[in-house]
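The sequence shown: position 49 = 233 (my numbering), numbered continuously. Take a look at the structure below.
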Amino acid sequence: MTDTRLMPELRFSPAPAAGDRPAAARVNSLTDLVGNTPLIRLRRIAAHLPETVEVYAKAEWYNPSGSVKDRPALNIIRTAEADGRLTPDKVVLDSTSGNMGIAYATLAGALGYQVRLVIPENASPERFSILRALGASFTLSSPLEGSDGAIREARRLAAAEPERFFYANQYNNPANWQAHFHSTGPEIIAQTDGAVTHFVAGLGTSGTFTGVGRALKAYHPGIQLIAFQPNAPFHGLEGLKHMPTAIKPGIYDQALADENLAVSTEAAHLMTRRLAREEGLFVGISAGAAAVAALQVAETLTSGVVVTLFPDAGYKYVSERFWNA
Ligand code: PMP
């Protein structure tokens, strides 16, 4: 037993206030921690802009499983539970490039469901290790067919055993974009005190862009929505899709964007390194791409509040060579 007489007297004082940041939550379930992520001003990479042009990123790695995908994963599960498509005997099945799988494995796992994922064989090794650690089972799809091959294989499995699987179908499930319509969008409006003028996001399933975009347009139709995609069919922007050559997600609303940009893998790699070294933000490659697109938009303005979203942190990409430059 510890002899408490040898211990210095402990003095508790409230932690120094960090601005007006409220105390962290005490929760009864991990699912209560999904969403409500911080909005971080990017100062150093935006230092060449006038002070009247503000650039912010939503820090989505603050979600419990470490990415933006906790929002749609939880909403898809909750919606399917409510309408009876997901019952405790069913296995949650979907195709994913990684983050959605980690979100399902984390949240469905915490809610007591089994998870089966279809993943392209060339997804990053870190993702497979994480999914194995979380106890998810997976089926590998052809590395040559990318996320589209995984979609086709998930459809095949779901059709073969409909009574066994709840096919979550993130690319076509409205609960995906609705998660962002009801959480991410309103958070951005509140965190900017309604001053957001531009929203910039990459397209994967397009759930983030569609949901946030619709929420912002409903709040103020003048808010500009800028979508970006990889600039080539074969690219290193994991989580994003080159829409002209991919299976188009059913939830993708092509008419929503006021402007469309293309970002190269090289520019995203460079910016991902800069974010780590200049801003202290160790984020993933699609976050680097988001910063490239957001700065491109901000550079055309004399005043404005540009908001983008950083989908995840850098840990899942540490084995990539671009860090070494
Ligand atoms: N970046 C990363 C790292 C992702 O995992 C995803 C999700 N596929 C996205 C961006 C794109 O998000 P969304 O599916 O909402 O378009």
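Backbone N, C-alpha and C define an ideal beta-carbon position, used for all residues, glycine too.
Quiz item: Where do the ends of the beta strand (DSSP E) carrying residue 410 lie?
Solution: To locate residue 410, count along the sequence shown from 1; it is residue 226. First-last of the beta strand (DSSP E) with residue 410: 408-414.
Quiz item: Which residues bound the alpha helix (DSSP H) around residue 393?
Solution: The residue given as residue 393 occupies position 209 in the sequence shown. Run containing residue 393: 391-403, per the alpha helix (DSSP H) assignment.
Exercise. Use the C-beta contact count for residue 299: other C-beta atoms within 10 angstroms, 16 or more gives buried, fewer gives exposed.
Key: In the sequence shown, counting from the first residue as 1, residue 299 sits at position 115. So residue 299 ends up on the buried side.
Quiz item: What three-state label does DSSP hand residue 488 in the structure shown?
Solution: As a first step, residue 488 is located in the sequence shown; it is residue number 304 there, counting from the start. It is a strand residue.
Quiz item: With distances taken between CB atoms, is the gap from residue 389 to residue 351 smaller than 8 Å?
Solution: Counted from its first residue, the sequence shown places residue 389 at position 205. Counted from its first residue, the sequence shown places residue 351 at position 167. Not in contact: residue 389 and residue 351 (Cβ atoms no closer than 8 Å).
Self-check item: Enclosing alpha helix (DSSP H) for residue 476 [first to last residue]
Solution: Taking the first residue of the sequence shown as 1, we reach residue 476 at position 292. Residue 476 -> alpha helix (DSSP H) spans 469-482.
Exercise. Within 10 angstroms of the Cβ of residue 311, are there 16 or more other Cβ atoms? Answer buried if so, exposed if not.
Key: Residue mapping note: residue 311 aligns to position 127 of the sequence shown, counting from 1. Residue 311 is buried by the Cβ-count criterion.
Exercise. Hey, could you find the ends of the alpha helix (DSSP H) residue 335 is sitting in?
Key: Here the question's residue 335 lines up with position 151 in the sequence shown. Unbroken alpha helix (DSSP H) run through residue 335: 330-344.
Self-check item: Beta-carbon proximity list for residue 333, same chain, < 7 Å, skipping 5 on both sides
Solution: Your numbering for residue 333 matches position 149 in the sequence shown. Contacts found: 304, 325, 326.
Quiz item: Does the distance from the CB of residue 450 to the CB of residue 308 come in under 8 Å?
Solution: Within the sequence shown, the letter at position 266 stands for residue 450. Within the sequence shown, the letter at position 124 stands for residue 308. Result no, Cβ atoms of residue 450 and residue 308 do not sit closer than 8 Å.
Practice problem: Rank 411, 432, 369 by C-alpha distance to the C-alpha of residue 402 and give the top, closest one. | Solution: Taking the first residue of the sequence shown as position 1, residue 402 is located at position 218. It is 369.
Exercise. Please state if the CB of residue 468 and the CB of residue 425 are separated by a distance shorter than 8 Å.
Key: Locating residue 425 in the sequence shown gives position 241, counting from the first residue. Locating residue 468 in the sequence shown gives position 284, counting from the first residue. Using a Cβ distance threshold of 8 Å, residue 425 and residue 468 do not count as a contacting pair.
Quiz item: For the 8 Å Cβ check, are there 3 or more pairs between the region 211-228 and the region 236-256?
Solution: yes
Quiz item: Is the beta carbon of residue 284 within less than 7 Å of some heavy atom of the ligand PMP?
Solution: The sequence position of residue 284 within the sequence shown is 100, counting from 1. Yes, the beta carbon of residue 284 sits closer than 7 Å to at least one heavy atom of the ligand PMP.
Quiz item: Roughly how many angstroms lie between the CA atoms of residue 323 and residue 275, to the nearest whole one?
Solution: If you number the sequence shown from 1, residue 323 lands on position 139. If you number the sequence shown from 1, residue 275 lands on position 91. Those two C-alpha atoms are separated by around 14 Å.
Self-check item: Cut-off 6 Å between Cβ atoms - residues of its own chain near residue 297, not counting five sequence neighbours on either side
Solution: Locating residue 297 in the sequence shown gives position 113, where the first residue counts as 1. 276, listed in sequence order.
Self-check item: Contacts around residue 485, its chain only, beta-carbon distance under 7 Å, and the 5 residues preceding and following it disregarded
Solution: Residue mapping note: residue 485 aligns to position 301 of the sequence shown, counting from 1. Correct list, in chain order: 237.
Exercise. Go ahead and label residue 256 buried or exposed: buried means 16 or more other beta carbons lie within 10 angstroms of its beta carbon, across all protein chains shown.
Key: On the sequence shown, residue 256 is found 72 positions in, with the first residue counted as 1. Around the beta-carbon of residue 256, 16 or more other beta-carbon atoms lie within 10 Å, marking it buried.
Quiz item: In whole angstroms, what is the alpha-carbon distance linking residue 386 and residue 393?
Solution: Within the sequence shown, the letter at position 202 stands for residue 386. Within the sequence shown, the letter at position 209 stands for residue 393. Between the alpha carbons of residue 386 and residue 393 lies a distance of about 7 Å.
Quiz item: Roughly how far, in whole angstroms, is the beta-carbon of residue 410 from the beta-carbon of residue 364, given that I think they are within contact range, below 8 Å?
Solution: Counted from its first residue, the sequence shown places residue 410 at position 226. Counted from its first residue, the sequence shown places residue 364 at position 180. With a Cβ gap of about 16 Å, residue 410 and residue 364 do not count as contacting.
Exercise. Could you pull the start and end residues of the alpha helix (DSSP H) that residue 255 belongs to?
Key: Against the sequence shown, residue 255 aligns to sequence position 71. Segment 254-266, the alpha helix (DSSP H) holding residue 255.
Quiz item: What do you reckon, is the C-beta of residue 392 under 7 Å from a heavy atom of the ligand PMP?
Solution: Reading the sequence shown from its first residue, position 208 is the one you call residue 392. For the ligand PMP, at least one heavy atom lies less than 7 Å from the Cβ of residue 392.
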